[in-house]
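The structure appears right after this line, and notes come after that.
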Amino acid sequence: MQARPPGDASPHAGRQKRWRPWVLAGVYLLGAVHWLHWKYAGTTLAPAELNEAQYTLEHSIVTVGFILLAAAMLATIVFGRFFCGWGCHVLAMQDSAAWLLRRVGFTPKPVRLRLAQLLPLFAMGTMFLWPQIERAMDAGHEPAPPLRVTADSEGFGSLVTADFSRNLPGPWMSITTFVVCAGVATWLLGTRSFCTYVCPYGAIFSLADRASPTRVRLKVLNGGHGDASADCSNCGLCTAACPSHIRVHEELMDFGRVVNPACLRDYHCVAACPDAKLDIGAARPAGFLSWRKWGRFGVPYDLSWREELVAASVGVCSLLILRGLYDAVPFFLAMALAVILSYAAVVTMRVGGRRAVSFAGWTMSRDGAMTHAGRVFSVAAVVACAALLQSAAVRAHSWLGMEAFEQAADSPAECARAQWHLEWVEEWSVVHTDAVDRRLALLAIDRGDAAGARPRVERIIARGVSPQEAESWRDSLVANPRSTPGYR
6 MQARPPGDAS
16 PHAGRQKRWR
26 PWVLAGVYLL
36 GAVHWLHWKY
46 AGTTLAPAEL
56 NEAQYTLEHS
66 IVTVGFILLA
76 AAMLATIVFG
86 RFFCGWGCHV
96 LAMQDSAAWL
106 LRRVGFTPKP
116 VRLRLAQLLP
126 LFAMGTMFLW
136 PQIERAMDAG
146 HEPAPPLRVT
156 ADSEGFGSLV
166 TADFSRNLPG
176 PWMSITTFVV
186 CAGVATWLLG
196 TRSFCTYVCP
206 YGAIFSLADR
216 ASPTRVRLKV
226 LNGGHGDASA
236 DCSNCGLCTA
246 ACPSHIRVHE
256 ELMDFGRVVN
266 PACLRDYHCV
276 AACPDAKLDI
286 GAARPAGFLS
296 WRKWGRFGVP
306 YDLSWREELV
316 AASVGVCSLL
326 ILRGLYDAVP
336 FFLAMALAVI
346 LSYAAVVTMR
356 VGGRRAVSFA
366 GWTMSRDGAM
376 THAGRVFSVA
386 AVVACAALLQ
396 SAAVRAHSWL
406 GMEAFEQAAD
416 SPAECARAQW
426 HLEWVEEWSV
436 VHTDAVDRRL
446 ALLAIDRGDA
456 AGARPRVERI
466 IARGVSPQEA
476 ESWRDSLVAN
486 PRSTPGYR
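Be aware that the sequence shown starts at 6, since it is given in the working numbering, and climbs by one per residue.
Right, here's the structure in full:
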């Protein structure tokens, strides 16, 4: 077989790289077929949502999400993070967003943050570890029941369901989540930013990847003798091609293989090697070799420690405010927005205080003077800050009102307090929520104010309740309020 001339990259790796977008597109096609089967048959296999693994850990219910997560974990331990690189629908959207941005002349640049990397670990702990710790700390807790499969009539967790969207946000919130997590985050924070700063499953798989014996490696030439790193020209093209922002050429020179657990085995670096000296194959597991001076990225971070602390403070406050806001904002969307807002807060601090500040490819200030883009950004920052403060007030009044409502039956003062807080929420919220409407309707019925209860009852019914519950709500406007559905 004739040797490949220098400068000619491996055609096999190039084919693998070109196949990956089609495989990721197939993930969406499979989802569409799954949805069509549900529409035709009425029942189908439950959507493979990895967050349903929580039901398995907390309630010992075997779910489709747990089965998929367990299979992906085992595959990652053996083969590395192929599931993330070849099977994740969010990563497919991130890569698509990066491709579209490049098509319009904008190349996303990575924002390298220290403390934000802890957010996926926090999410992983919140979703999977904390419930187990809480159960163990409960002095009166009962042993976990044996693993079991539930029927659809028993609620969330069954393997087969007639409610395809049972564990998904509504269509508009789902679209918003994908646009922010995949599109906006890629534009503002760089490619694979959702994987780096948000995804709890990425945190799980990165831990499993450290034990994987399948890695991007330098081919050992010369009949298998000698140092593989001596065959590398150290050109850096592999690093430039890596969408996960790994210093590939440095890791190859130091270890002969990529040890960073952020590697998704997507073949970009292998295909980019001009001498076809990289492949993906058996190598010693990385363990914790990736813990180096500059951490995850291998280069200095973009923020000073003071700026990191400011960003962390803004991020934590944003997450507490946004998660579950209006009973609508899902966890992942809240985390993505928190990271974006935390970095935007630091950029706001820098504008006007430095000779040159850029953000998302735009120059915010130059020679100490704010540019037009900087003025627009400053106005947007003020609006975002005002919206966040308004949301914080809504969350605070909502929490105080709910707490007072729990005591309203036994205390007229608590009843009045609950009404005042919840009416404040109703007046100043951007949207009406079911939880607030139900409690205000009950309070109005309890004091005989049918006129005040009626618009809230109408909103409750309009959101979609059973005919029996709708009739009960209508009857409660003139009947005993204590019989109203949902009363405490």
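The beta carbon of each residue, even a glycine, is placed where N, CA and C say it ideally should be.
Keep in mind it's a predicted model, so treat the numbers as computed, not measured.
Give me whichever residues DSSP pairs with residue i in a beta bridge.
i	result
residue 285	221
residue 363	368
residue 375	370
residue 262	222
residue 49	166
residue 66	153
With burial defined as no fewer than 16 other Cβ atoms inside 10 Å of the residue's Cβ, what is the status of residue i: buried or exposed?
i	result
residue 266	buried
residue 423	buried
residue 205	buried
residue 239	exposed
residue 311	exposed
residue 148	exposed
residue 6	The predicted model places residue 6 with a pLDDT of 34, which falls under 50 and marks its position as unreliable; any figure quoted below should be read in that light. By the 10 Å Cβ count, residue 6 comes out exposed.
residue 152	exposed
residue 21	buried
residue 9	Below a pLDDT of 50, predicted positions are generally treated as unreliable, and residue 9, at 44, falls in that range; the measurement from the model is reported next regardless. Under this definition residue 9 is an exposed residue.
residue 260	buried
residue 207	buried
residue 159	exposed
residue 143	exposed
residue 112	exposed
residue 198	buried
residue 480	exposed
residue 138	exposed
residue 425	exposed
residue 436	exposed
residue 35	exposed
residue 305	exposed
residue 170	exposed
residue 282	buried
residue 296	exposed
residue 416	exposed
residue 226	Residue confidence for residue 226 is low, a pLDDT of 49 falling below 50, so the modelled location carries little weight; the figure read from the coordinates is stated next. So residue 226 ends up on the exposed side.
residue 408	exposed
Would you kindly report the start and end of the unbroken alpha helix (DSSP H) that includes residue i?
i	result
residue 481	472–481
residue 318	310–327
residue 205	205–214
residue 417	417–433
residue 250	No alpha helix (DSSP H) holds residue 250; DSSP gives it neither H nor E.
residue 57	Element bounds for residue 57: n/a, residue is neither H nor E.
residue 182	176–183
residue 193	190–194
residue 274	273–277
residue 454	Element bounds for residue 454: n/a, residue is neither H nor E.
residue 267	Note, residue 267: premise wrong, no alpha helix (DSSP H); not H, not E.
residue 95	94–108
residue 200	198–202
residue 338	336–355
Taking the beta strand (DSSP E) that residue i belongs to, which residues open and close that run?
i	result
residue 443	No beta strand (DSSP E) holds residue 443; the alpha helix (DSSP H) holding it covers 439–451.
residue 367	367–371
Given a cut-off of 8 angstroms, decide if residue j and residue i are closer than it, judged by their beta-carbon atoms.
i	j	result
residue 319	residue 186	no
residue 161	residue 60	yes
residue 313	residue 119	yes
residue 32	residue 92	yes
residue 348	residue 116	yes
residue 352	residue 344	no
residue 213	residue 81	yes
residue 268	residue 23	no
residue 128	residue 336	yes
residue 215	residue 287	no
residue 356	residue 382	yes
residue 427	residue 455	no
residue 338	residue 191	no
residue 49	residue 57	no
residue 122	residue 201	yes
> At which residue ranges does the segment 113–154 contain complete beta strand (DSSP E) runs of 3 or more residues, listed in the order of the chain?
Replying inline: Along the length of the segment 113–154, whole beta strand (DSSP E) runs at least 3 residues long do not occur.
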